[in-house]
Structures are given as structure tokens and as C-alpha cells.
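Here the working numbering is used: position 163 in the sequence shown is 143, and no number is missing along the way.
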Amino acid sequence: MDSNPAPWSDAIAAVAERAKPGGRLPSSARLALHFHPDSDVRGRAVLRGILEDGAYTSQFVTGTSNGGLTAVPGGDRWNWESRLFGGAYDAHPAELRPAYGALLLDDDPYGAAPRFGSAFLRLRPEAIGRATFVYPDSAFDPELFGVGDRLGLIDDYLGDEVDELLNRYIEAQVHGGVSVPGDVEALVIDPSFDDDETLRLAEALGLVVERHPGYRLDLALVEANPEYRGTDAVEAARAIAVDGVLTPAVLGRARSAGRIDSQLVKYVWHHLARFGREWPQAAAAA
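Next up, the structure:
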């Protein structure tokens, strides 16, 4: 955590002024920070970089994102943060800006926002106290805001009917830095992840490593849903699948090879994340 808390304490205060009162936060609630562990960042896999740097940082630092990439001065993300946080970060270096995640409320083993990656860091519960929240995602110009003791937006989230399950999450911004392993309760990965050397490094650092039930999708189910992300995504899935099957590891190798447009690879991941797992009954019924 940064030794000078002024930027992030001011940011949290700015959101608190607009936060909706109420909301019941279960004791099991956690923050989940999703990512694709084997995507290359400056020549390093993402998970490897997180472990070696000892921190999980925002797209302002990494220059990468599994959503939109506008984290530059004057970009949509920069302007949105300036409005949300009352300009608290405008004059400060990128390293002080918050990391993005989601609020895990229902103990879903796949995390809170799988749209953004098959792996996630589950943070220790005290991290909630230095987080801010919006619903829906910041890309959709949300009007519901929250902080740790004012989370009325939870009621709106629970009562909302969302057709797209990958959009069903409360976005969180974690202020003050995310130290790895210090702030992390567990690293949760897909069972197809096969970089044993990186996992040994994680365990050597003292991280608890857990595996969720796993994503797996037959190519035939992608071909049966061309309207979901378009026919180009179906063609990309055909090129990526191994023996007619998609897993995060298969997709990660294709992403790292760079032979297929990154946007199409992301769309194939959306297929895998949406249709390649079981969803909690309450979420699936929404």
C-alpha cells in the first residue's frame, strides 16, 4: 500500500458522497481480480509478471485490458476516473491508481466477473474497506455507487434481470495498491493451466493456490450459437480448438501465438466463459 494515502482516501470520499445507503454484505464477501494468466505482457505471462513484481496493477500501468483500453490521459477511462473520484488521481502517477475487480457475493468458485479472465486473485476481506463500487460496469455509465459501509447497490444488483450472464457483477476499484502475496487470500486458476514452474513460484511466495471446477467447451456449441459473438468468432474458435475442444489453456496458447486477431480471441473466450461451465441457479435464472 502506498505510504501517502491522500489520493485514494480522497477518491473513496468522493464516491462515498454519492453512495447509496444500505445493503447487506455477507461475511463471506470478497473481492476478485480476474485475469488471463498466460496472456503475454511485455514478454512475460500475466501471472508470472504479477508474481515477480509482487503486485497486481491497473491497465494504466500494464497497458493491457480484457475490456476496453482507454487508460491514457484524455481517454475514456481516464476521464471517467476523474469524474468518479473527484480528480483525486489526476495529478498522480499511474502506479497510484486503483486496480479493477468485482465483488464476490455468492461463493461462486469461478469468481465474480469471469468475463475478464479464467483466473483470479481472491483478496483478503479487509480489502473491501478500501474499495469503491459501481453497478453496472463502468463501461455502461453507471448511476449506482458504493463504498464498504454504504452498499445499497447490492439490492439493485440482486433484483436486476440481466440477459447476459457475463455482465452480471458489481465492479470494484481497489485503492491503495494490491500487494502479492500480502493482500491475497488465494490464487484461483483453471485446472487446464499447466505452467508448473509459475505455480511453484506462487507457492514459494506463500500464496494459496486453488483450482475452480474448470471451463471446457465443445466446438459444436460455439457453432450452434453464432449469434452470440458473430460468425467471425465461430471461425476463430474453429482455428483455435484442439480436437474440437476449447479450454483456457488452449485459448491461452492461441492468444500468445498472436496469429488470430485479439478481439476475436476475446470473443471466443466469452463463448467459453458463458457456455463452458455450470452457473449458480440464481444467476442462471436471472
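Glycine included, each C-beta is placed from N, C-alpha and C at the ideal position.
query, result
"DSSP three-state assignment for residue 111, whether helix, strand or coil", "strand"
"Within 9 Å, strictly: CB atoms of residue 27 and residue 227", "no"
"Span of the beta strand (DSSP E) around residue 183", "Not the beta strand (DSSP E): residue 183 falls in the alpha helix (DSSP H), residues 176 to 184."
"Backbone secondary structure at residue 275 - three-state DSSP", "What is shown of the chain runs -19 to 266, which leaves residue 275 out entirely."
"Supposed close pair residue -6, residue 81 - CB separation, criterion 8 Å", "About 19 Å; that fails the 8 Å criterion."
"Residue ranges of each beta strand (DSSP E) within the stretch 139 to 208, 3 or longer", "151 to 154, 164 to 169 and 189 to 191"
"Pick from 162, 212 and 78 that is closest to residue 268, judged by C-alpha positions", "Nothing can be reported for residue 268: it is not among the residues displayed for the chain, which extend from -19 to 266."
"Three-way DSSP call (helix, strand, coil) for residue 92 in this model", "coil"
"Contacts around residue -3, its chain only, beta-carbon distance under 8 Å, and the 5 residues preceding and following it disregarded", "none"
"Beta-carbon proximity check, residue 222 vs residue 214, cutoff 9 Å", "no"
"Residue range of the unbroken beta strand (DSSP E) whose run includes residue 222", "First-last for residue 222: undefined, no H or E at that position."
"Backbone secondary structure at residue 68 - three-state DSSP", "coil"
"Cross-strand partners of residue 99 (DSSP beta bridge)", "15"
"Segments assigned beta strand (DSSP E), at least 3 residues, entirely inside the stretch -14 to 15", "10 to 15"
"Strand pairing of residue 125, partner residues [DSSP]", "114"
"Check whether residue 194 and residue 171 have beta carbons under 9 Å apart", "yes"
"Delimiting residues of the alpha helix (DSSP H) encompassing residue 232", "228 to 237"
"Stretch pair the stretch 229 to 236 + the stretch 244 to 253: three plus CB contacts closer than 8 Å", "yes"
"Per-residue DSSP class, three states only, for residue -17", "Note that residue -17 scores 47 on pLDDT, short of 50, meaning its location in the model is unreliable and no value can be drawn from it."
"Selection from 138, 139, 108 and -12 that minimises the alpha carbon distance to residue 75", "-12"
"Sufficient close CB pairs (3 or more, under 8 Å) joining the stretch 94 to 104 to the stretch 135 to 143", "no"
"Rounded straight-line distance, which links the Cα of residue 210 to that of residue 224", "19 Å"
"Residue 0 burial status per 10 Å Cβ neighbour count (16 or more: buried)", "buried"
"Residue closest to residue 2, alpha-carbon to alpha-carbon, out of 72, 110, 129 and 19", "129"
"Backbone CA spacing between residue 155 and residue 24 [nearest angstrom]", "25 Å"
"Reduced DSSP secondary structure (H/G/I, E/B, other) of residue 29", "helix"
"Collapsed DSSP secondary structure at residue 63 in the structure displayed", "helix"
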